[in-house]
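Residue numbers (my numbering), protein chains in the order written: chain Y, 1 to 238; chain U, 239 to 533.
Written out as structure tokens, the structure reads:
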């Protein structure tokens, strides 16, 4: 069953059209990667789906409910979480306070601060630390935890590995694999093509706001993805 | 000397209660509410009206408090949220305009008479405690200082330990991310405005009980509150208390030096605080400060 779908999504920054006619859909427990060069419109696409940026056209459906007209906080309350680029934790608040804020969606579900700490004991030790003082990897873990606290059905993550050490990236993806196994749909924006190939179920390549390639991870390779990132669509199933 | 210090501290309590709403509004919404003084005077008239109808003062404070809370939420929805989306200058202009509107409306309705709430509390307005050493402390001033401490402590507790407080902090630090977490940021900011205006009712009661006011008294209250916030600096609301004490002590020292020196002493403390906060001045003072430590 389709959990998250975005149809005919278009979004603009003033006169500049950043996303044009993008279609996506994810079923429960599926991991879809969006890759592409800088400025391809990946972040704008995620922000439009989350409601942080108002789409100029398109329909967002979550668990079969049309949420296109809802503002960001109502989209979050219907079960759609976004882990933004740079994590955007509340730097002056503690790890616990950041996690508790994730529960603002008022959705029922398995997640609580204790449940998060059970799964990542490293975070439990940082309970009273200010989020602004954490390393990038720790911040990413808190950001993912904060998203889970809202008991979402789908999580979107922007630039997961940006600015993280290789070990921290490894840890973040291990966490995401567990999240997927719980049946949460994951929409991930990633710069690292090899990482995307190794982890994704579906892949979408964007260039200049359009989808240039759609593929199943096992049926494509890095060269094809790279070519599509620069707009070469020949031979691809776009 | 003891008397001077004690009275400065008590006066500082009044300034703190005056400034706490302004500081709260600035720290959570980055809005400098220039209508703060006018709104305090507005609330004072509310207390006065209810007092004239024989409503007990504590009940009047609760009723006017509820009114100001609602007014604050409405004010945010109607004016502040729009103004603050248009840059830093717009809220200043909007609240300045609002203060003129309130001042003149009050003048139109209530006339130019001075009013006071002192008659409502009988001899409390001049009663005093005698301390050893023949020092007298005004009871009312002491209660005002205590009220200031309680209000600041209560606001700090709300901000730290409640869900609402966390949401207000999140909204203030990063509004976009807060709404991505499911927080209704418009409503949260409106509630914060309501809280800020509600604290103004206590300021209105303090003002009315210790002295008198007229429709245009708001500007003077705003000035003191503004000086307190600048001297104390932003961050914890406890800084309001520090700023208020510094202002009151500076004023008292000014008055001790010269009969006209009361206000000038306060303004000098304010200017020194402003200069101290300028990065270029800080840099200039830094070597001197270091030399002072090593010597």
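All residues carry an ideal CB built from backbone N, CA and C; glycine is no exception. In this text the structure is predicted, and so the values were computed from the model without any measurement.
Burial of residue 161/Y is indicated by the presence of at least 16 other C-beta atoms within 10 angstroms of its C-beta.
The Cβ neighbour count for residue 152/Y, taken over all protein chains shown within 10 Å, is at least 16; the residue is labelled buried.
Minimum Cα-Cα distance from residue 329/U among the listed residues 252/U, 314/U and 339/U corresponds to 314/U. Among the CB atoms of chain Y, none fall inside 8 Å of the CB of residue 443/U.
Interface annotation, residue 352/U: not in contact with chain Y, CB-CB separation never under 8 Å.
With a beta-carbon spacing of about 5 Å, residue 81/Y and residue 150/Y fall inside the 8 Å limit used to define contacts. Taking 4 residues as the minimum length, the alpha helix (DSSP H) runs contained wholly in the region 323-369 of chain U are 327-348, in order along the chain.
Residue pairing of residue 145/Y in beta bridges, as defined by DSSP: absent, with no partner found. Under the 8 Å criterion on CB atoms, residue 130/Y is classed as non-interfacial with respect to chain U. When Cβ pairs closer than 8 Å are counted between the two stretches, the region 481-500 of chain U is seen not to touch the region 389-400 of chain U, the count staying below three. Across the region 73-89 of chain Y, CB contacts with chain U closer than 7 Å involve 73, 76, 77, 82, 84 and 88, in sequence order along the chain. Scanning its chain for C-beta atoms nearer than 7 Å, with the 5 sequence neighbours on each side dropped, one finds around residue 457/U the residues 275, in chain order. In the DSSP assignment, residue 18/Y falls within the unbroken beta strand (DSSP E) covering 16-27. As for any alpha helix (DSSP H) of minimum length 4 sitting wholly inside the region 61-88 of chain Y, the runs are 72-77, ordered along the chain.
Residue 128/Y is positioned such that its CB atom lies closer than 8 Å to that of residue 94/Y. Residue 474/U and residue 451/U have their C-alpha atoms spaced approximately 30 Å apart.
If the five residues before and after residue 194/Y are omitted, its C-beta is found closer than 7 Å to the C-beta atoms of 222, all from its own chain and listed in chain order. Membership of residue 301/U in the alpha helix (DSSP H) is indicated by the continuous run 295-313. Taking 8 Å as the cut-off, the Cβ atoms of residue 285/U and residue 443/U count as close.
When 7 Å is used as the limit between beta carbons, residue 323/U is near no residue of chain Y, the shortest such separation being about 14 Å. Within 8 Å of the CB of residue 105/Y, the CB atoms of chain U belong to 419 and 420, in sequence order along the chain. Contact of residue 414/U with chain Y by beta-carbon distance below 7 Å involves 52. Taking the Cβ atoms as the reference, residue 10/Y lies roughly 6 Å from residue 21/Y, within the contact range of under 8 Å. Assignment of residue 90/Y by DSSP, reduced to helix, strand and coil, places it in the coil class. Contact between residue 68/Y and residue 58/Y holds: their C-beta atoms lie close to 7 Å from each other, under 8 Å. The count of Cβ pairs closer than 8 Å, one atom from the region 140-147 of chain Y and one from the region 107-122 of chain Y, reaches three, so the stretches are in contact.
Counting the other Cβ atoms within 10 Å of the Cβ of residue 73/Y gives 16 or more, which makes it buried. Residue 513/U carries a helical assignment under DSSP once its states are collapsed to helix, strand and coil. Apart from the 5 residues on each side of it in sequence, residue 167/Y sits with its Cβ closer than 8 Å to the Cβ of 137 in its chain, given in chain order. Contact with chain Y is found for residue 408/U, since one of that chain's Cβ atoms lies less than 8 Å from the residue's Cβ. Judged by their CB atoms, residue 402/U and residue 429/U are nearer to each other than the 8 Å cut-off.
Between residue 138/Y and chain U, the shortest Cβ-Cβ separation is not below 8 Å. Under the Cβ criterion of 8 Å, residue 423/U is counted among the residues facing chain Y. Taking the C-beta atoms as reference points, residue 6/Y is found no nearer than 8 Å to residue 183/Y. When the five nearest sequence neighbours on each side are left out, the beta carbons in the same chain lying within less than 6 Å of the beta carbon of residue 30/Y are those of 185 and 201, in order along the chain. The beta-carbon of residue 477/U is placed no less than 8 Å from the nearest beta-carbon of chain Y.
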